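One structure is given here, and the rest of the page talks about it.
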Amino acid sequence: MGNQKFSSSVILSRTPPTPLDLPIPLSDDGCLHLENRLMPDIYLPSTVNQSINLSKLSGWNVVFCYPMTGRPGYAIPEGWLKIPGAAGCTSQVCSYRENFAVFKSNGVGVYGVSCQTLETQHEAAIRLALTYPLLSDSMYLFSMAMKLPMLEVAGLKLIKRLTLIIKDGVVRKYFYPVFPPDKNVDEVIAWLSNTHGNIL
Numbered sequence: 001m002g003n004q005k006f007s008s009s010v011i012l013s014r015t016p017p018t019p020l021d022l023p024i025p026l027s028d029d030g031c032l033h034l035e036n037r038l039m040p041d042i043y044l045p046s047t048v049n050q051s052i053n054l055s056k057l058s059g060w061n062v063v064f065c066y067p068m069t070g071r072p073g074y075a076i077p078e079g080w081l082k083i084p085g086a087a088g089c090t091s092q093v094c095s096y097r098e099n100f101a102v103f104k105s106n107g108v109g110v111y112g113v114s115c116q117t118l119e120t121q122h123e124a125a126i127r128l129a130l131t132y133p134l135l136s137d138s139m140y141l142f143s144m145a146m147k148l149p150m151l152e153v154a155g156l157k158l159i160k161r162l163t164l165i166i167k168d169g170v171v172r173k174y175f176y177p178v179f180p181p182d183k184n185v186d187e188v189i190a191w192l193s194n195t196h197g198n199i200l
């Protein structure tokens with residue numbers, strides 16, 4: 001981002017709304033250990049057809065983790081909307097797409113991570129016209145190495161919704177729990193803007 005003020009002037013507003021009346025997730029201190037933590041030296045397959053190692057990224061990057069996006073023609077797990085912090089993944093994913101120009105213009109990378117298969121992520125990336133990579137942690141290498149908080153439903157083991165802001169492979173800030181999902185991008189932009197003069 002250089003030495004200029006982080007600019008958030010380019011913001012679009014086509015993000016689908018988060019479902020109403022979702023239960024609010026409560027903090028369980030599941031991310032306290034992540035502050036100043038080194039990202040693991042692990043390559044994850046991505047929707048841009050190359051494996052990405054988050055520990056080797058230079059500069060500022062945003063890594064948001066989410067449980068799972070829905071897929072047309074596939075039923076969501078029973079009771080999904082009643083699980084605190086579960087629903088709202090598509091709206092969050094799209095909110096980062098709509099604000100991608102803000103990050104790109106300031107030299108900040110954006111990555112989404114879930115435990116869904118790469119094939120499922122590819123479908124979502126194409127259908128939602130995503131402008132940044134999704135990384136698949138279907139083998140749980142990243143989530144286990146980082147000791148991320150998880151949820152289990154219908155035989156699925158998924159990452160709870162959280163966001164990491166990293167610089168040169170080190171976690172400088174985390175957001176957890178994240179709610180509502182589609183407003184997290186605003187929190188991230190605000191944090192980068194407010195701390196720009198102090199840590200860059």
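In this text, residue positions in the sequence shown follow UniProt numbering: the first is 1, and each later residue adds one.
Glycine residues also receive a C-beta, built at the ideal position from the N, C-alpha and C atoms.
Since the model is a prediction, treat every value here as computed from it, not as a measurement.
When the alpha-carbon of threonine 90 is set against those of Asn106, Gly107, Ser114, Ser105, the nearest one is in Ser114.
Going by DSSP, cysteine 94 is part of no beta strand (DSSP E) but of the alpha helix (DSSP H) stretching over 89-98.
DSSP places threonine 163 within a strand segment (E or B) once states are collapsed to three.
Just so you know, the alpha carbons of glycine 70 and isoleucine 76 end up roughly 7 Å apart. Measuring C-alpha to C-alpha distances from glycine 169 to each of His33, Pro40, Phe142, Gly30 identifies Pro40 as the nearest. DSSP, reduced to helix, strand and coil, places glutamate 78 outside both helices and strands of the structure shown, so it counts as coil. With 16 or more other Cβ atoms inside 10 Å of its own Cβ, alanine 125 counts as buried.
Taking the CA atoms as reference points, arginine 161 sits about 18 Å from threonine 120.
Counting only residues of its own chain and dropping the five nearest sequence neighbours on each side, valine 153 has a CB closer than 6 Å to the CB of Pro77. Across the set Leu22, Val171, Tyr174, the C-alpha of Leu22 shows the shortest separation from the C-alpha of leucine 81. Proximity of the stretch 92-102 to the stretch 53-61 falls short of the contact definition, fewer than three beta-carbon pairs being nearer than 8 Å.
Distances from the alpha-carbon of glutamine 50 to those of Leu38, Pro133, Val108 put Pro133 closest. For serine 58, there is no enclosing alpha helix (DSSP H), as DSSP marks it with neither H nor E. As the crow flies, the alpha-carbon of glutamate 98 is around 30 Å from that of aspartate 28. With a cutoff of 7 Å on beta-carbon distance, serine 138 and threonine 163 are scored as not near each other.
Around the CB of valine 102, 16 or more other CB atoms lie within 10 Å, so the residue is classed as buried.
Taken atom to atom, the span from the alpha-carbon of valine 63 to that of glycine 85 is near 17 Å. Residue pairing from DSSP places isoleucine 52 in a beta bridge opposite Leu44.
Look at serine 136 here: in three-state DSSP terms it is strand. Just so you know, the alpha carbons of tyrosine 111 and threonine 131 end up roughly 10 Å apart.
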